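K.L.:
Counted the way the working numbering counts, the sequence shown spans residues 43 to 364.
C-beta atoms are modelled at their ideal positions from N, C-alpha and C, and glycine is treated no differently.
Note that the structure is a prediction, hence the values are computed from the model and not measured.
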Amino acid sequence: MDNLLCEESWPASPLTPEPLPNFRHRSHDNDVVKMYPEIDAATMEEAIAMDLEKELCFNNHGDKFVEFFVSKKLTDYRFHAFQWLIQTRSRLNLSYETVFSAANCFDRFVYMTCCDEWTNWMVELVAVTSLSIASKFNEVTTPLLEELEMEGLTHMFHVNTVAQMELIILKALEWRVNAVTSYTFSQTLVSKIGMVGDHMIMNRITNHLLDDLCDLKMLQYPPSVVATAAIWILMEDKNLYFNRKQQPFVVRAAKLPEGVIVPKAQPKSQPAFLGFTQTAEIWNSRACMIGLIGTFIVELILNKGILELIGVEIGKGLDLPL
Numbered sequence: 043m044d045n046l047l048c049e050e051s052w053p054a055s056p057l058t059p060e061p062l063p064n065f066r067h068r069s070h071d072n073d074v075v076k077m078y079p080e081i082d083a084a085t086m087e088e089a090i091a092m093d094l095e096k097e098l099c100f101n102n103h104g105d106k107f108v109e110f111f112v113s114k115k116l117t118d119y120r121f122h123a124f125q126w127l128i129q130t131r132s133r134l135n136l137s138y139e140t141v142f143s144a145a146n147c148f149d150r151f152v153y154m155t156c157c158d159e160w161t162n163w164m165v166e167l168v169a170v171t172s173l174s175i176a177s178k179f180n181e182v183t184t185p186l187l188e189e190l191e192m193e194g195l196t197h198m199f200h201v202n203t204v205a206q207m208e209l210i211i212l213k214a215l216e217w218r219v220n221a222v223t224s225y226t227f228s229q230t231l232v233s234k235i236g237m238v239g240d241h242m243i244m245n246r247i248t249n250h251l252l253d254d255l256c257d258l259k260m261l262q263y264p265p266s267v268v269a270t271a272a273i274w275i276l277m278e279d280k281n282l283y284f285n286r287k288q289q290p291f292v293v294r295a296a297k298l299p300e301g302v303i304v305p306k307a308q309p310k311s312q313p314a315f316l317g318f319t320q321t322a323e324i325w326n327s328r329a330c331m332i333g334l335i336g337t338f339i340v341e342l343i344l345n346k347g348i349l350e351l352i353g354v355e356i357g358k359g360l361d362l363p364l
């Protein structure tokens, strides 16, 4: 697995670009559709807990990912590949789940691939294949390869080449492509909070997440933190506040390290937020401060009172006053 691809031949070099037929697509409404309509509180808590646990299992974030992409000089390649994913999603009216899943497959596969030098056509092949895989898992109707390659690429690939590459990627990922993404987590949160009826707000959250998807620095943070940050920023902009309970309540976090002394939370000490990346950095540091692994939404969202609405309860208990 460590020597994947570099000691093997890639399926093929890119083909010479050729004219393609003019595929027509009907106009579409790009409004975000809620993923969890009218689900009871207990089921929603279970969904959030499952997402958090799955997030730990995939472990597809952290400084190591950022350092890897920088060391391999893949920052620009990754940015352009993700821009192409987003544009193709819009052009073909694919779901947002598909583009975030494709980006997840791309990052994980590239990270585990031992290759000294990446070229543009190699990155494009991985991007096209990742989108093809994600669409097969998320879409009712899978787009043709010719449709995927219509715009935005400098190379084109034979259908057999992409099929072989799909198998290579799926084997490398051990067929685990249903990872938790910042988008899927955000959909769970907005459903729990009760914001799903406002399509404008949901679209703004999704646009935040699409911007962050292209930002390599955001790969440091777990999807749950990125998703919650997007919601928090929007609430700052919209001045959305929630009523807080005055009495202490129990927050349940996951896998507190042994011997960790958890200080009392000081929500009012949060600095002003100047931007999304800064917000995520603040959250990450505060998560570590209260003794978490850095992956769960606890003190991260106390200031807006979202936590009492989410009601996540997994693992050990820990008293935090509002």
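Looking only at its own chain, which residues have a Cβ that is under 7 Å from the Cβ of residue 111, when we skip the five neighbours before and after it?
P.N.:
117, 120 and 258
K.L.:
In the DSSP assignment, find the alpha helix (DSSP H) that holds residue 187 and state where it starts and stops.
P.N.:
187 to 190
K.L.:
Roughly how many whole angstroms lie between the Cα atoms of residue 179 and residue 113?
P.N.:
31 Å
K.L.:
Look at the alpha carbon of residue 78 and the alpha carbon of residue 232, and state the distance between them as a whole number of angstroms.
P.N.:
Unreliable positioning characterises residue 78 in this predicted model, as indicated by a pLDDT of 46, which lies under 50. The coordinate reading is nonetheless provided below. Whole-angstrom Cα-Cα distance: 9 Å.
K.L.:
Would you kindly check if the distance between the Cβ of residue 212 and the Cβ of residue 246 is under 8 Å?
P.N.:
no
K.L.:
By the DSSP assignment, the alpha helix (DSSP H) with residue 245 in it spans what residues?
P.N.:
241 to 256
K.L.:
Under 8 Å, do residue 174 and residue 190 count as touching if we go by C-beta distance?
P.N.:
With respect to the 8 Å criterion, residue 174 and residue 190 are classified as neighbours on the basis of their beta carbons.
K.L.:
Check whether the segment 129 to 136 touches the segment 150 to 167, taking contact to mean three or more Cβ pairs, one atom from each stretch, closer than 8 Å.
P.N.:
no
K.L.:
Pairing CB atoms from the segment 208 to 225 with CB atoms from the segment 145 to 152, are three or more of them under 8 Å?
P.N.:
yes
K.L.:
Looking at the structure shown, is residue 5 part of a helix, part of a strand, or coil, going by DSSP?
P.N.:
No answer is possible for residue 5: the residues shown for the chain start at 43 and end at 364.
K.L.:
Going straight from the alpha carbon of residue 103 to that of residue 208, what length do you get?
P.N.:
23 Å
K.L.:
In angstroms, rounded to a whole number, what distance separates the CA positions of residue 199 and residue 123?
P.N.:
Looking at the two C-alpha atoms, the distance is approximately 15 Å.
K.L.:
Is residue 183 helix, strand or coil by DSSP?
P.N.:
coil
K.L.:
For residue 159, does the count of other Cβ atoms within 10 angstroms reach 16, so buried, or fall short, so exposed?
P.N.:
exposed
K.L.:
Less than 8 Å between C-beta atoms, sequence neighbours within five positions excluded: which residues of the same chain meet that for residue 201?
P.N.:
187
K.L.:
How would you call residue 218, buried or exposed, if buried means at least 16 neighbouring beta carbons within 10 angstroms?
P.N.:
Flag for residue 218 reads exposed.
K.L.:
Could you check where the alpha helix (DSSP H) with residue 115 kicks off and where it finishes?
P.N.:
Per DSSP, residue 115 belongs to no alpha helix (DSSP H) and is neither H nor E.
K.L.:
Nearer than 7 Å: is that true of the beta carbon of residue 153 relative to any heavy atom of the ligand COA?
P.N.:
What this structure holds is no ligand at all, so the ligand COA is not there to describe.
K.L.:
Quick one: using the 10 Å Cβ neighbour count with 16 as the cut-off for buried, is residue 105 buried or exposed?
P.N.:
It counts as exposed.
K.L.:
Could you check how far apart the C-beta atoms of residue 214 and residue 151 are, in whole angstroms? I think they sit under 8 Å.
P.N.:
6 Å
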